[in-house]
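Quick note on numbering: the sequence shown equals residues 0 to 120 in numbering that gives the first Met the number 0.
As structure tokens, the structure follows; a few thoughts come after it.
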Amino acid sequence: MKKLILPIVFIAFSINSIAQNNTQVEETTVNELFAKKVALEKDGKFKDRFTIQLIYGGREVATKTKAKYDNLNLSWPSELKWESPNHKVWIGKFRNRLEADRALLEIREHFPDAFILKPQS
């Protein structure tokens, strides 16, 4: 019986040590995933971004406001959103409140009612 237990214990420890060797991750895979994350952050694909809202109202007013903003050629993209029953004009996707505040100072020269919000969706 003692002769049987020793080989079983040895085999069990051997299998356990072999199974633990497969946890190494390739560096190229990690670098690719990191590059994709950085690209998504630059594009603003994450939903936890601050944005600046210029107007909340009817379609005509929102469209005119968006066109007025686009003619200013500021560096942040504009977006026309529809939330029943009104339209909104959103500007930029900022990673933190400081970036949004800096942009708001420049935007408020042309749109004094603009404000910062952090969308839920």
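Built from N, CA and C at the ideal position, the CB exists for glycine as well.
Where the alpha helix (DSSP H) containing residue i begins and where it ends
| i | result |
| --- | --- |
| Glu-108 | Unbroken run through Glu-108: none, as it is neither H nor E. |
Same chain, Cβ closer than 8 angstroms to residue i, neighbours up to 5 away in sequence not counted
| i | result |
| --- | --- |
| Thr-80 | It should be noted that the sequence gives Lys, not Thr, for residue 80. Hits under 8 angstroms: His-86, Lys-87, Val-88, Trp-89. |
| Asn-95 | Phe-49 |
7 angstroms Cβ shell around residue i - same chain, five flanking residues per side excluded
| i | result |
| --- | --- |
| Ala-99 | Phe-49, Ile-51, Phe-93, Ile-115 |
| Leu-53 | Thr-64, Tyr-68, Val-88, Ile-90, Phe-110, Ala-113 |
Expected contact under 8 angstroms - CB spacing of residue i and residue j to nearest Å
| i | j | result |
| --- | --- | --- |
| Glu-25 | Leu-73 | Contact flag wrong, Cβ pair sits at about 42 angstroms. |
| Ala-102 | Trp-75 | 6 angstroms |
Nonlocal neighbours in the same chain, by C-beta distance under 6 angstroms from residue i, ignoring five residues either side
| i | result |
| --- | --- |
| Glu-78 | Trp-89 |
| request: Would you mind listing the alpha helix (DSSP H) stretches within the segment 58 to 95 that are 4+ residues and don't spill past its ends, in chain order? | output: Inside the segment 58 to 95, DSSP marks whole alpha helix (DSSP H) runs of 4 or more residues at positions 58 to 70, from first to last along the chain.
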